[in-house]
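The numbers in the working numbering rise by one with no breaks, and the one at position 82 of the sequence shown is 552. Backbone N, C-alpha and C define an ideal beta-carbon position, used for all residues, glycine too.
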Amino acid sequence: MTAQYTEWMLQALESAKLASEHGDVPVAALVLDASGTPIGSGRNERELRNDPTAHAEVLALRAAAEHTGSWHLENTTLVVTLEPCAMCAGAILQARVPIVVFGAWDEKAGAAGSMYDLLRDRRLPHRVEVFAGVLAEQSEALLKGFFAQKR
Numbered sequence: 471m472t473a474q475y476t477e478w479m480l481q482a483l484e485s486a487k488l489a490s491e492h493g494d495v496p497v498a499a500l501v502l503d504a505s506g507t508p509i510g511s512g513r514n515e516r517e518l519r520n521d522p523t524a525h526a527e528v529l530a531l532r533a534a535a536e537h538t539g540s541w542h543l544e545n546t547t548l549v550v551t552l553e554p555c556a557m558c559a560g561a562i563l564q565a566r567v568p569i570v571v572f573g574a575w576d577e578k579a580g581a582a583g584s585m586y587d588l589l590r591d592r593r594l595p596h597r598v599e600v601f602a603g604v605l606a607e608q609s610e611a612l613l614k615g616f617f618a619q620k621r
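Printed below as a string of structure tokens:
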């Protein structure tokens, strides 16, 4: 883990806090170019948009594709506060993102090593380098606090 991953995760965590303002699970994602410049960001907006696909990763990938003018996002890094689900892992693979950094593990729906490992599945034509557990405690605390308020 590099210090840069920690810095990027801190940025994502700040953004994730804003998702809960409209009732969404506090998860956020950033897409960074090869120089580390953010080119796309997103946070969960399923409740806000009434859209089941409005996960942080999908919104960040859409913003990065719009920014670059291409859906091919090679030479980028995606940073997300929670392990991607199967839908998001599929989007990451389709976009050809080579590196994913995530915070908290998702033992119920994770697809980057916990429930499934789609990002590194050798049967698929594209594989992703995954760096897990970056500031996991902070990511978990944010999620636990959100769900505690819901109960």
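- Taking each of Ala559, Ala565, Glu536, Pro554 in turn and checking the Cα distance to Thr546, the smallest one comes out for Ala565.
- For the beta strand (DSSP E) assignment, the uninterrupted runs of no fewer than 3 residues enclosed by the region 484 to 516 are, from N- to C-terminal side, 498 to 502, 508 to 513.
- The alpha-carbon separation between His542 and Ala561 amounts to approximately 11 Å.
- Per DSSP, Thr523 lies in no beta strand (DSSP E) segment and is marked neither H nor E.
- By the 16-neighbour rule on beta-carbons within 10 angstroms, His492 is exposed.
- 8 Å or more divides the Cβ of Leu500 from the Cβ of Leu605.
- Assignment of beta-bridge partners to Phe617 by DSSP yields no partner.
- Take Ser490, set aside five residues on each side of it, and the residues of its chain with a beta-carbon closer than 7 Å to its own are Pro496, Phe616, in chain order.
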